[in-house]
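**Q**
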Amino acid sequence: MVAVDRGRYTTLVEPEPSRGSKRKGPQRRLVVAMKARELGRKGIVVGDRVALVGDVSGRPDTLARVVRVEPRTSMLRRSADDTDDTDGIERPIVANADQLVIVTALADPPPRPRMIDRILVAAFDAEIDTLLCLTKSDLAPPEELVSLYEPLGVPHVVVHKGGSLDELRDHLVGRLSVLVGHSGVGKSTLVNALVPDANRAVSHVNAVTGRGRHTSTSAMALELPEGGWIIDTPGVRSFGLAHVSVETVLAGFPDLVEGTVDCPKGCTHLGDDCALDAWVAAGNADPHRLESLRRLLASREGGADDVRRDPDPTT
Numbered sequence: 001m002v003a004v005d006r007g008r009y010t011t012l013v014e015p016e017p018s019r020g021s022k023r024k025g026p027q028r029r030l031v032v033a034m035k036a037r038e039l040g041r042k043g044i045v046v047g048d049r050v051a052l053v054g055d056v057s058g059r060p061d062t063l064a065r066v067v068r069v070e071p072r073t074s075m076l077r078r079s080a081d082d083t084d085d086t087d088g089i090e091r092p093i094v095a096n097a098d099q100l101v102i103v104t105a106l107a108d109p110p111p112r113p114r115m116i117d118r119i120l121v122a123a124f125d126a127e128i129d130t131l132l133c134l135t136k137s138d139l140a141p142p143e144e145l146v147s148l149y150e151p152l153g154v155p156h157v158v159v160h161k162g163g164s165l166d167e168l169r170d171h172l173v174g175r176l177s178v179l180v181g182h183s184g185v186g187k188s189t190l191v192n193a194l195v196p197d198a199n200r201a202v203s204h205v206n207a208v209t210g211r212g213r214h215t216s217t218s219a220m221a222l223e224l225p226e227g228g229w230i231i232d233t234p235g236v237r238s239f240g241l242a243h244v245s246v247e248t249v250l251a252g253f254p255d256l257v258e259g260t261v262d263c264p265k266g267c268t269h270l271g272d273d274c275a276l277d278a279w280v281a282a283g284n285a286d287p288h289r290l291e292s293l294r295r296l297l298a299s300r301e302g303g304a305d306d307v308r309r310d311p312d313p314t315t
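Okay, here's the thing in structure tokens:
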């Protein structure tokens, strides 16, 4: 599934051998389909692998039907919000991605570590590899932001407009990567540079609010010339995590798990009664790792985050 738009599903059909012959059938082609009624309310997202019936020729004005969604290897999702009025409704983003690229600008607009933290938690939950892509390095240095994520072991690349993208390409070749970031960080500019015929609309940052406007209105999968795929997603202003458990976040810190044995029942690992403070003070783990864990847990809670600096306190 390469695109979903208002009940129409654009799929890429790969060639397969014809029956009784070693010769391949029709070449790969884009086929527009609708969801079969028997699938009910089952959601279909970009990245899904599906089975089609009906007219799969790909000719103009033809329509196939999606009758089955194959088992997924991963599902990146976010909650509608972490507030009571939305009840943590889950919103699937993409399926079967094996890498999540968090695109954030170093300036114009300023970086939002809390948003990065939230996306990292979602990646941990989906068991997807992460890559931090820092754009606009010609406007601000990357060192301070990079230092926040080194304890987490999150790899990063630094780019700027007109600069080389070779290092980024090395991380993308042969993989299905989903690009996520808020508006105005240069995500569409990156996509257009990586896939020259993508023609994704580019946004501009509002000089008053420091925010970009949404230009990509739906997720779309694009094939890289070097091999592999990237999925461009609409810019996000929030990333709810009501669907992610404390245990899932903690699983990303195996060096701290043993230290939670003496924690009180139901410990959030954010309060003064958490046993992790004593565990780390005794030299069993790096204090920076505990700070990173609490940063992610605080982001999951969606409340005030006072365990580290955040240039954008509104998120």
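So for the sequence shown, UniProt numbering puts the first residue at 1; every next one is plus one.
Note that CB positions come from ideal geometry on N, CA and C, so glycine has one too.
#1: Look up isoleucine 102 in the DSSP assignment and give the residues it is bridged to.
#2: Does arginine 68 pass the burial test, meaning 16 or more other C-beta atoms within 10 Å, or should it be called exposed?
#3: Can you pull the DSSP bridge partners for histidine 156?
#4: Only counting the same chain, and skipping five residues up and downstream in sequence, which positions put a Cβ closer than 8 angstroms to that of isoleucine 44?
#5: Run through DSSP, which three-state label would serine 299 get?
#6: In terms of alpha-carbon separation, which member of Asn192, Val158, Pro113, Asp277 lies closest to tyrosine 149?
#7: Please determine if the stretch 135-147 and the stretch 166-180 are in contact, where contact requires at least 3 C-beta pairs separated by less than 8 angstroms.
#8: Quick check on threonine 62: buried or exposed, where buried means 16 or more other Cβ atoms within 10 Å of its Cβ?
#9: Using a 10 Å radius around the Cβ and a threshold of 16 neighbouring Cβ atoms, would you call serine 183 buried or exposed?
#10: If you check the beta carbons only, do lysine 136 and histidine 156 fall under 8 angstroms apart?
#11: Closest to leucine 194 by CA distance: which of Val180, Val31, Glu226, Pro110 is it?
#12: At what residues does the alpha helix (DSSP H) containing isoleucine 119 begin and finish?
#13: With which residues is tryptophan 229 paired in a DSSP beta bridge?
#14: For asparagine 284, count the other beta carbons within 10 Å of its own beta carbon; 16 or more makes it buried, fewer makes it exposed. Which is it?
#15: Check this for me: beta carbons of phenylalanine 253 and leucine 297, under 8 angstroms apart or not?
#16: Would you say the stretch 238-250 touches the stretch 70-80, given that touching needs at least three Cβ pairs under 8 angstroms?
#17: How would you write the range of the beta strand (DSSP E) that lysine 35 sits in, first residue to last?
#18: Do you know how far the Cα of glutamate 291 is from the Cα of proline 196?
#19: Is it buried or exposed for aspartate 272, if we count other Cβ within 10 angstroms and need 16 for buried?
#20: If you pair each beta-carbon of the stretch 88-106 with each one of the stretch 255-275, do three or more pairs fall below 8 angstroms?
#21: Are the Cβ atoms of alanine 107 and glycine 186 separated by less than 8 angstroms?
#22: Tell me glutamate 90's beta-bridge partners as DSSP assigns them.
#23: Are the CB atoms of arginine 300 and residue 381 within a distance shorter than 8 angstroms?
#24: Taking buried to mean at least 16 other C-beta atoms within 10 Å of its own C-beta, is leucine 30 buried or exposed?
#25: Residues in the same chain with beta-carbon distance under 6 angstroms from alanine 221, minus the five sequence neighbours each way, listed in chain order, please.
#26: Quick check on DSSP: helix, strand or coil for proline 311?
#27: Given valine 103, which residues of its chain have a CB within under 6 angstroms of its CB, disregarding the five upstream and five downstream residues?
#28: Could you tell me which of Leu39, Ser74, Ala33 sits nearest to proline 60, measuring between CA atoms?
#29: When you compare only the Cα positions, how much space is there between threonine 248 and aspartate 125?
**A** In brief:
#1: Per DSSP, Leu132, Val180.
#2: Result: exposed.
#3: Per DSSP, Leu132.
#4: Excluding sequence neighbours, isoleucine 44 sits near Met1, Val4, Tyr9, Lys35, Val50, Val66, Val69.
#5: Helix at serine 299.
#6: Ranking the options by Cα distance to tyrosine 149, first place goes to Pro113.
#7: Verdict: no, contact absent.
#8: That one is exposed.
#9: Burial call: buried.
#10: Not closer than 8 angstroms, so no.
#11: The candidate whose alpha carbon is nearest that of leucine 194 is Glu226.
#12: Following the DSSP letters along the chain, one finds isoleucine 119 inside the alpha helix (DSSP H) bounded by residues 113-126.
#13: Residue pairing by DSSP puts tryptophan 229 in a beta bridge opposite Leu176, Glu223.
#14: It counts as exposed.
#15: The Cβ atoms of phenylalanine 253 and leucine 297 lie no closer than 8 angstroms to each other.
#16: Look at the beta carbons and you see the stretch 238-250 touching the stretch 70-80: at least three pairs across the two are nearer than 8 angstroms.
#17: In the DSSP assignment, lysine 35 falls within the beta strand (DSSP E) that extends over 29-35.
#18: Between the alpha carbons of proline 196 and glutamate 291 lies a distance of about 41 angstroms.
#19: With fewer than 16 Cβ atoms within 10 Å of its Cβ, aspartate 272 is classed as exposed.
#20: In the pairwise beta carbon analysis, the stretch 88-106 is classified as not touching the stretch 255-275: fewer than three pairs are separated by under 8 angstroms.
#21: No; because the gap between Cβ atoms is not below 8 angstroms, this pair is not in contact.
#22: Looking at the DSSP output, glutamate 90 shares a beta bridge with Ser79.
#23: Because residue 381 is not part of the residues shown, which for the chain are 1 to 315, the question remains open.
#24: By the neighbour-count rule (16 or more Cβ atoms within 10 Å), leucine 30 is not buried but exposed.
#25: Cβ within range, chain order: Val2, Val46, Trp229, Ile231.
#26: Confidence at proline 311 is low in this model, with a pLDDT of 37, below 50, so the placement of that residue is unreliable and no value is reported for it.
#27: So the list reads Cys133, Leu179, Gly181, Val185, Lys187, once near-sequence residues are dropped.
#28: Of the listed residues, the one whose Cα sits closest to proline 60 is Ala33.
#29: Near 6 angstroms, if we compare the C-alpha coordinates of aspartate 125 and threonine 248.
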